[in-house]
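Novice:
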Amino acid sequence: ELPAVGTLKFNLACLAARAGDKPAMLRWLRDAAIDGEDSRAALTDSDFAAWDRDPEFLAVIEAAVGRIGGDAGHATVVDERHHEKLNLPVEDLEELTIRTLNILIGAGVSRVGDLVRMNQSGELSLVPGLSRKGYDEICSVLDELFA
Numbered sequence: 685e686l687p688a689v690g691t692l693k694f695n696l697a698c699l700a701a702r703a704g705d706k707p708a709m710l711r712w713l714r715d716a717a718i719d720g721e722d723s724r725a726a727l728t729d730s731d732f733a734a735w736d737r738d739p740e741f742l743a744v745i746e747a748a749v750g751r752i753g754g755d756a757g758h759a760t761v762v763d764e765r766h767h768e769k770l771n772l773p774v775e776d777l778e779e780l781t782i783r784t785l786n787i788l789i790g791a792g793v794s795r796v797g798d799l800v801r802m803n804q805s806g807e808l809s810l811v812p813g814l815s816r817k818g819y820d821e822i823c824s825v826l827d828e829l830f831a
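When we follow the numbering used here, the leftmost residue of the sequence shown carries the number 685, and every step to the right adds one.
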């Protein structure tokens, strides 16, 4: 089964962001939002880290949130004190056990923002090899980090 069209467009926005193609990234994000994709995920996705303070990028997210009926103020403010935390490499989370860290790295998780996004979407609990104990460990570390 293919993912929803909005999800595909969001993934294309991720690729454009990684390639440094701002016009394409913004266009795909807008299109994804029009198709019902919640573009707030872009605020914590490491693919968009280079753009997360860009006024045009934030305006697209704010407009997208307005389309889905969310809180635009919340969407544009990934609180400045949390911004740096979201871009931390997972290797810097010293509270994680080596086993849990290795599982995350093996799954391609590189930044705290990836962990937050995966946890919010439910993907984190599906990471191969990650036990309930490892999942609880990650949630505890994230709770502590963002307290």
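Think of the CB as a built atom: it goes at the ideal place given N, C-alpha and C, for glycine as much as any other residue.
In this text the structure is predicted, and so the values were computed from the model without any measurement.
What first and last residue would you give for the alpha helix (DSSP H) that runs through Trp712?
Specialist: 706–718 is the span of the alpha helix (DSSP H), which, as asked, contains Trp712.
Novice: Can you tell me whether Lys693 is buried or exposed? The criterion is at least 16 other CB atoms within 10 Å of its CB, across all chains shown.
Specialist: Flag for Lys693 reads buried.
Novice: Measuring alpha carbon to alpha carbon, tell me which of Leu696, Asp738, Cys823 ends up nearest Thr781.
Specialist: Cα-wise, what sits closest to Thr781 is Cys823.
Novice: From Arg783 to Gly806, what does the alpha carbon distance come to, in whole angstroms?
Specialist: If you take the alpha carbons of Arg783 and Gly806, they lie about 21 Å apart.
Novice: Ser815 to Ala688, Cα distance in whole Å?
Specialist: Ser815 and Ala688: Cα-Cα distance of roughly 29 Å.
Novice: Could you give the DSSP three-state label for Pro812: helix, strand or coil?
Specialist: Of the three classes helix, strand and coil, the one that applies to Pro812 here is coil, per DSSP.
Novice: Which residue's Cα is closest to the Cα of Gly813: Asp776, Gly720, Asp738, Ala791?
Specialist: The residue with the shortest Cα to Cα distance from Gly813 is Ala791.
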